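Data first, discussion second: the structure below is written as structure tokens.
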Amino acid sequence: MKHSVNRPPTPDGAEDQGKEPTLQEIINIKLIESGEKERLMELLRERLIECGWKDEMKALCRAYIKKKGRNNVTMDDLVHLITPKGRASIPDSIKTELLQRISSFLTSAAL
Amino acid sequence: MSAPNEDNTQLSSHFFGDLLDSIIVDVASECHRIAKVGLDRNLEEEEEELRLSAQARASVADPSNSGEANNKYVVDIFGQTHPPVANEIFKCMNCGRSIAAGRFAPHLEKCMGKGRKARLKVTRSSTAAQNQYSRGSPVSTYSSYTNSTSTSRLSNGTPGFAGEEYSNGTYEGEP
Chain S
3 MKHSVNRPPT PDGAEDQGKE PTLQEIINIK LIESGEKERL MELLRERLIE CGWKDEMKAL
63 CRAYIKKKGR NNVTMDDLVH LITPKGRASI PDSIKTELLQ RISSFLTSAA L
Chain V
408 MSAPNEDNTQ LSSHFFGDLL DSIIVDVASE CHRIAKVGLD RNLEEEEEEL RLSAQARASV
468 ADPSNSGEAN NKYVVDIFGQ THPPVANEIF KCMNCGRSIA AGRFAPHLEK CMGKGRKARL
528 KVTRSSTAAQ NQYSRGSPVS TYSSYTNSTS TSRLSNGTPG FAGEEYSNGT YEGEP
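Taken in order, these protein sequences are the chains called S and V.
If you count the first sequence from 1, position 42 lands on 44 in the working numbering, and the numbers rise without skipping.
If you count the second sequence from 1, position 20 lands on 427 in the working numbering, and the numbers rise without skipping.
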């Protein structure tokens, strides 16, 4: 690939120099590397299917698609449709269970 | 140095939100795909079916049909005439919709009988009896069905997993 001669130098080393990875990022990496994130996702997915949350969201999508016509709907539309309702309709028991697991992972990972 | 409790809860909530967002995007993408590919009980078909069903009901209710070409009123030995489209309305046992009796057979064909769409529907609803129905068909293109069909084929000639004898030429690999 030809580069133009006057191209400004690539700002390399920006990651090493200025920004330390935030606590969030560190934990995120730990979650992923240990495989815990995957397990948590699967757990959450399973719980949400069991309690019918997924079916509710799918029904919302289908109603919207029916209204708009299937060729006029974008992924973005659906995501924006589901996100507020989805977040609000999570059963408390599921939320608590997941939060507890995440929290215990955090305390064990911080050691 | 242990993190204080408030930090912990805030972080947990953050990660929970993260997981939730991913799942929401998954669900949205699944619905989007189904809509675009037209897998989930094709909406136009459904509307067409509803329209025809309503039409059938209307033509039954309308008494002035006898003069029309497409209606043949047969008079039986008791002197009764039978309407061309059966007018009773039933609930489909598969999908739960109200269908006119005269439209019931075509509806069932779509709802239960026709290949991919109906089979997908059946596996989703996961009723054991219906699963057995759909697994009985000999030609199965889905690998998820091979577990049940392959064991029955192996039992014909080969004892256990010999691996060399193929009953139909394709080896559904079982580790």
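Think of the CB as a built atom: it goes at the ideal place given N, C-alpha and C, for glycine as much as any other residue.
Please read these numbers as outputs of a predicted model, since none were measured by experiment.
{"Check": "In the structure shown, what three-state DSSP assignment does Glu475/V receive?", "Outcome": "Note that Glu475/V has pLDDT 47, beneath the 50 cutoff, so the model's placement of it is unreliable and the number below is only indicative. If DSSP states are grouped into helix, strand and coil, Glu475/V belongs with coil."}
{"Check": "How far does the alpha helix (DSSP H) with Ala61/S in it reach, from first residue to last?", "Outcome": "55-70"}
{"Check": "At least one CB of chain V closer than 9 Å to the CB of Cys53/S: is that the case?", "Outcome": "no"}
{"Check": "Is there a Cβ of chain S sitting closer than 9 Å to that of Ser420/V, yes or no?", "Outcome": "yes"}
{"Check": "Among residues of its own chain, excluding the 5 on either side of Arg464/V, which ones have a beta-carbon nearer than 6 Å to its beta-carbon?", "Outcome": "Ala507"}
{"Check": "Could you tell me the alpha carbon to alpha carbon distance between Leu62/S and Arg47/S, rounded to whole angstroms?", "Outcome": "18 Å"}
{"Check": "Can you name the residues of chain S whose CB is closer than 8 Å to the CB of Asp415/V?", "Outcome": "Going by the sequence as given, residue 415/V is Asn instead of Asp. What Asn415/V touches in chain S: Ser105, Leu108, Thr109."}
{"Check": "Can you give the beta carbon distance from Leu42/S to Leu426/V, rounded, assuming they're within the 8 Å contact cut?", "Outcome": "6 Å"}
{"Check": "Could you check what DSSP says for Ala493/V in three-state terms: helix, strand or coil?", "Outcome": "coil"}
{"Check": "Taking just the CA atoms, how far does Glu413/V sit from Asp428/V?", "Outcome": "22 Å"}
{"Check": "When you compare only the Cα positions, how much space is there between Ser551/V and Val444/V?", "Outcome": "Residue placement at Ser551/V is flagged as unreliable, the pLDDT there being 46, under the threshold of 50; the coordinate-derived value follows with that caveat. Taking the straight line joining both Cα atoms gives about 21 Å."}
{"Check": "For Asn494/V, I'd like the list of residues in its chain whose CB is within less than 6 Å of its CB, leaving aside the five on either flank, ordered along the chain.", "Outcome": "Val467"}
{"Check": "Is Ala410/V close to chain S? Criterion is C-beta to C-beta, closer than 9 Å.", "Outcome": "Because Ala410/V sits at a pLDDT of 48, beneath the cut-off of 50, its placement in the model cannot be relied upon, and the following sentence gives the value as read from the coordinates. Closer than 9 Å to some Cβ of chain S, the Cβ of Ala410/V qualifies, so yes."}
{"Check": "If you measure between the beta carbons of Cys438/V and Ile67/S, is that distance less than 9 Å?", "Outcome": "yes"}
{"Check": "Let me make sure I understand the geometry here. Which of Glu22/S, Leu80/S, Ser110/S, Ile96/S has the alpha-carbon closest to that of Ala442/V?", "Outcome": "Leu80/S"}
{"Check": "Thinking just about the alpha-carbon of each residue, which of Ile84/S, Gln26/S, Arg72/S, Ile29/S is nearest to the one in Glu58/S?", "Outcome": "Ile84/S"}
{"Check": "Evaluate Val546/V with the Cβ neighbour count: other Cβ atoms within 10 Å of its Cβ, from every protein chain shown; 16 or more gives buried, anything less gives exposed.", "Outcome": "Note that Val546/V scores a pLDDT of 49, beneath 50, so its modelled location is shaky and nothing firm can be said."}
{"Check": "Would you say Ile496/V lies against chain S (beta-carbon separation less than 9 Å)?", "Outcome": "no"}
{"Check": "Alpha carbon to alpha carbon, what distance is there between Gln417/V and Thr76/S?", "Outcome": "33 Å"}
{"Check": "Give me the Cβ distance between Leu101/S and Ser419/V, rounded to the nearest whole Å; I'm assuming they're in contact under 8 Å.", "Outcome": "5 Å"}
{"Check": "Leaving aside the five residues before and after Pro490/V along the sequence, list all residues of the same chain whose C-beta is less than 6 Å from its C-beta, in chain order.", "Outcome": "Val467"}
{"Check": "Check Ile104/S in the structure and name its three-state DSSP category.", "Outcome": "helix"}
{"Check": "Below 7 Å CB to CB, which residues in the same chain sit around Phe511/V once its five sequence neighbours on both sides are set aside?", "Outcome": "Phe497"}
{"Check": "Report the CB separation of Glu38/S from Phe107/S in whole angstroms; it is logged as a contact under 8 Å.", "Outcome": "5 Å"}
{"Check": "Does Ile28/S pass the burial test, meaning 16 or more other C-beta atoms within 10 Å, or should it be called exposed?", "Outcome": "exposed"}
{"Check": "Chain S beta carbons: is any one of them nearer than 9 Å to that of Lys517/V?", "Outcome": "no"}
{"Check": "Taking the beta strand (DSSP E) that Ala512/V falls in, what are its first and last residues?", "Outcome": "Where Ala512/V is concerned, there is no enclosing beta strand (DSSP E), although the alpha helix (DSSP H) it sits in stretches over 511-515."}
{"Check": "State yes or no: is the beta carbon of Glu437/V nearer than 9 Å to at least one beta carbon in chain S?", "Outcome": "yes"}
{"Check": "For Arg64/S, which residues in chain V fall below 9 Å Cβ to Cβ?", "Outcome": "Cys438, Ile441, Ala442, Asp447, Leu450"}
{"Check": "One question on the structure: do Glu33/S and Phe423/V come within less than 9 Å of each other, judged by their Cβ atoms?", "Outcome": "Note on residue identity: the sequence assigns Leu, not Glu, to residue 33/S. Contact: no."}
{"Check": "State the CB to CB distance for the pair Asn415/V and Thr98/S, rounded to an integer number of angstroms; the pair is presumed to be in contact (CB under 8 Å).", "Outcome": "That pair is no contact at about 14 Å."}
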